[in-house]
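*Asks:*
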Amino acid sequence: MVVDPKYIDYWRQVRAEQQIAQQQAKKLAWQEVNAIASVLRQQFGATRVMVFGSLLSDRFQDDSDLDIAAAPIPKARFFEAVAAVNECSQRWVDLKPLDDLDPYFKQRVLDTGLDIHGPD
Numbered sequence: 073m074v075v076d077p078k079y080i081d082y083w084r085q086v087r088a089e090q091q092i093a094q095q096q097a098k099k100l101a102w103q104e105v106n107a108i109a110s111v112l113r114q115q116f117g118a119t120r121v122m123v124f125g126s127l128l129s130d131r132f133q134d135d136s137d138l139d140i141a142a143a144p145i146p147k148a149r150f151f152e153a154v155a156a157v158n159e160c161s162q163r164w165v166d167l168k169p170l171d172d173l174d175p176y177f178k179q180r181v182l183d184t185g186l187d188i189h190g191p192d
């Protein structure tokens, strides 16, 4: 089977465009992560904010969510924090209270996640 070179060129172009879009989405996501970290620190008193999941890998896509863990977040204000961080992003923010995670998942976040240190 011989493939016409124009099809190969077409799919190479499509892949290149996908990679550019993925890089742009990732850049925007990191800007959103920094804004989210500021909100969590300033409005909810978090002293530790971590990102984990697909943003730290090559699996991140334009429709990926942002996985964020933070501590401490007052339990009575957790859903307020979820709403506030989702206002900072064009994508869903999956906020986890770091102190309340089950031990196995918490350790996984600590081992694979990245602390976000912002200007505040």
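First residue of the sequence shown? That's 73 in the numbering used here, and the numbers climb one at a time after it.
Cβ atoms here follow ideal geometry from the backbone N, Cα and C, with glycine treated the same way.
1. When the Cα atoms are used, what is the spatial distance from residue 148 to residue 169?
2. Is DSSP giving residue 77 helix, strand or coil here?
3. So, is residue 186 buried or exposed, given that buried needs 16 or more other C-beta atoms within 10 angstroms?
4. In the DSSP output, which residue or residues are listed as bridge partners for residue 34?
5. By DSSP, does residue 140 sit in helix, in strand, or in coil?
6. Could you tell me the distance, in whole angstroms, from the CA atom of residue 126 to the CA atom of residue 101?
7. I need the DSSP call for residue 86, collapsed to helix, strand or coil.
8. Do you know offhand how far residue 74's Cα is from residue 83's?
9. Which residues share a DSSP beta bridge with residue 167?
*Replies:* This is what the structure holds:
1. Here residue 148 refers to the residue found at position 76 when the sequence shown is read from its first residue. Here residue 169 refers to the residue found at position 97 when the sequence shown is read from its first residue. About 12 Å.
2. Along the sequence shown, one-based indexing puts residue 77 at 5. Three-state DSSP puts residue 77 in a helix.
3. In the sequence shown, counting from the first residue as 1, residue 186 sits at position 114. Taking all protein chains shown into account, residue 186 has fewer than 16 neighbouring C-beta atoms within 10 Å of its C-beta and is therefore exposed.
4. Not covered by the structure: residue 34. The range shown for the chain is 73 to 192.
5. Stepping through the sequence shown from its first residue, residue 140 is reached at position 68. Strand at residue 140.
6. Here the question's residue 126 lines up with position 54 in the sequence shown. Here the question's residue 101 lines up with position 29 in the sequence shown. Rounded to the nearest angstrom, the two C-alpha atoms are 11 Å apart.
7. If you number the sequence shown from 1, residue 86 lands on position 14. When DSSP states are grouped into helix, strand and coil, residue 86 belongs to the helix group.
8. Along the sequence shown, read from residue 1 onward, the residue named residue 74 stands at position 2. Along the sequence shown, read from residue 1 onward, the residue named residue 83 stands at position 11. Near 15 Å, if we compare the C-alpha coordinates of residue 83 and residue 74.
9. Working through the sequence shown from its first residue, we reach residue 167 at position 95. Residue 167 is bridged to 140.
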